[in-house]
Amino acid sequence: QVQLVESGGGLVQPGGSLRLSCAASGSIFSIYAMAWYRQAPGKQRELVAGITWGGSTNYVDSVKGRFTISGDNAKNTVYLQMNSLKPEDTAVYYCKMILRTDHLGDYWGQGTQVTVSS
C-alpha cells in the first residue's frame with residue numbers, strides 16, 4: 007500500500023512564499039515522475055509543475071520564474087517552492103507520483119490548501 011502525504015500549505019499574503027512537501031511511503035521500487043497539480047474552486051485541476059527521474063522539469067506558464075519543483079529520490083519526496091505568490095495561486099494543491107510497486111501506477115496525495123490573501 008502506497009501513501010502520499012502532503013504538507014506545507016496555509017495562508018500567506020500576496021508576495022509571500024510557501025514550500026509544499028509530498029512524501030511517499032510503502033513498498034516502492036522506483037519513481038518515474040513526480041508532479042504538482044492544483045484545483046481552484048469552480049475550475050478544472052491543472053498541472054502546475056512536473057519533474058522526471060532524470061531531473062527534467064516543466065511548468066505551467068503562469069508560475070514560471072516563481073515556482074520551483076524539486077525531488078529527493080532517496081526520500082521519495084517531491085517539493086514545490088512557491089515564491090511571489092498571487093491571489094490567483096489560491097487552490098488546493100495535489101501531488102502525484104508515477105511509481106512502481108508490484109505494478110506501475112499513478113498515486114495522488116490528499117491535497118493541501120494554499121490561500122493567498124491580504
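Taken in order, the sequence shown gives residues 7 to 124; the numbers are from this note's numbering.
We treat Cβ as the ideally placed atom computed from N, Cα and C, and that holds for glycine.
message: Using 8 Å as the cut-off, can you tell me whether the segment 104 to 116 makes contact with the segment 63 to 76, which would need three or more C-beta pairs spanning the two stretches below that distance?
response: no
query: Cα separation between Ser23 and Val84?
result: Locating residue 23 in the sequence shown gives position 17, where the first residue counts as 1. Locating residue 84 in the sequence shown gives position 78, where the first residue counts as 1. Spanning the two alpha carbons is a distance of roughly 17 Å.
message: Distance check for Met88 and Gly15, CA to CA, integer angstroms please.
response: In the sequence shown, counting from the first residue as 1, residue 15 sits at position 9. In the sequence shown, counting from the first residue as 1, residue 88 sits at position 82. Their backbone Cα atoms lie some 10 Å apart in a straight line.
field: Enclosing beta strand (DSSP E) for Glu52 [first to last residue]
entry: For the purposes of this step, residue 52 is taken as the residue at position 46 of the sequence shown. 52 to 58 is the extent of the beta strand (DSSP E) around Glu52.
message: I'd like the list of long-range same chain contacts for Ala39, defined as Cβ closer than 8 Å, with 5 residues on each side in sequence excluded.
response: Here the question's residue 39 lines up with position 33 in the sequence shown. Correct list, in chain order: Gly56, Ile57, Thr58, Trp59, Met103, Ile104.
message: Using the three-state DSSP reduction, which class does Asp67 fall into: helix, strand or coil?
response: As a working note, residue 67 is residue 61 in the sequence shown. Helix at Asp67.
field: Among Gly115, Gly32, Lys92, the one whose alpha carbon lies nearest that of Leu17
entry: Taking the first residue of the sequence shown as position 1, residue 17 is located at position 11. If we check each option's Cα against that of Leu17, Lys92 comes out closest.
Presumed contact (8 Å Cβ cut-off) between Ala97 and Gln19, rounded CB distance: The count along the sequence shown starts at 1 and reaches residue 97 at position 91. The count along the sequence shown starts at 1 and reaches residue 19 at position 13. The pair is not a contact, with the Cβ atoms about 16 Å apart (cut-off 8 Å).
- prompt: Going straight from the alpha carbon of Ser124 to that of Gly21, what length do you get?
  reply: For the purposes of this step, residue 124 is taken as the residue at position 118 of the sequence shown. For the purposes of this step, residue 21 is taken as the residue at position 15 of the sequence shown. Between Ser124 and Gly21, the C-alpha separation is close to 10 Å.
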